[in-house]
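Below is one structure, written out as structure tokens, with a few remarks after it.
What follows is the structure, given as structure tokens:
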């Protein structure tokens, strides 16, 4: 059992919120998002968001979540994730890559609930920390 934290996680964050589920359940739900996708319509266009999730390893880099089985039993106290959302415009002529949104997430055990810190890396993409919060709350609660 160990904390999985990234030592370069920023001290300033874009958003801080709580998930009303215990830490192991939050980690399990977040890890289940790996390699999933969602669709969204905007201005008559259809966008696909493909989610890639990585977890901190050895405090210096990230590993894909699917390389670790039973992740909720291995992690205690705190876990840092790199949450990448690849945005693709779906058209009749074909798919057009639009952007990649990359976020850092820190999930901290607070007893009956879990506290989440979100930081967006860079300015690319149309998603922000509020979109990540809504996705995580929909997944966990």
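In the working numbering, the protein residues as written are 460 to 600.
A virtual CB, placed ideally from N, CA and C, is assigned to each residue, including glycine.
Model, not experiment: these values are computed from the prediction.
Could you give the C-beta distance for residue i and residue j, rounded to a whole number, given that I count them as a contact under 8 Å?
i: residue 578; j: residue 473; result: 6 Å
i: residue 536; j: residue 502; result: So it is not a contact: roughly 43 Å between Cβ atoms.
i: residue 510; j: residue 530; result: Not quite, the Cβ-Cβ distance comes to about 16 Å (not below 8 Å), so this is no contact.
i: residue 564; j: residue 542; result: 5 Å
Run the CB neighbour count on residue i, radius 10 Å, all protein chains shown included, and call it buried at 16 or more, exposed below.
i: residue 467; result: exposed
i: residue 539; result: buried
i: residue 600; result: exposed
i: residue 555; result: exposed
i: residue 520; result: exposed
i: residue 605; result: There is no way to answer for residue 605, as the model of the chain reaches only from 460 to 600.
i: residue 512; result: buried
For residue i, which residues of its own chain have a beta-carbon under 8 Å away from its beta-carbon, when the five flanking residues on both sides are left out?
i: residue 525; result: 493 and 494
i: residue 497; result: 507, 508, 510 and 594
i: residue 592; result: 474, 476, 575 and 577
i: residue 589; result: 474
Spatial neighbours of residue i within its chain, please: CB distance less than 6 Å, with the 5 preceding and 5 following residues excluded, ordered by chain position.
i: residue 560; result: 544, 584 and 586
i: residue 580; result: 561
i: residue 558; result: 546, 583 and 584
i: residue 499; result: 506
i: residue 549; result: 505 and 507
i: residue 516; result: 522
So the candidates are the options; which of them puts its Cα closest to the Cα of residue i?
i: residue 533; options: 593, 482, 600 and 469; result: 482
i: residue 475; options: 528, 486 and 574; result: 574
i: residue 553; options: 488, 490, 478 and 504; result: 504
i: residue 597; options: 470, 479 and 514; result: 479
i: residue 594; options: 471, 489, 572 and 576; result: 489
i: residue 576; options: 477, 465 and 463; result: 477
i: residue 465; options: 518, 485, 486 and 487; result: 518
i: residue 486; options: 471, 572, 470 and 469; result: 572
Whole beta strand (DSSP E) runs in the region 503 to 559 with 3 or more residues, listed along the chain? 504 to 516, 520 to 523 and 534 to 550
Contiguous beta strand (DSSP E) assignments of at least 3 residues, all confined to the region 574 to 599: none
Could you tell me which uninterrupted beta strand (DSSP E) segments, each at least 3 residues in length, are contained entirely in the region 465 to 507, listed from first to last along the chain? 474 to 478 and 495 to 501
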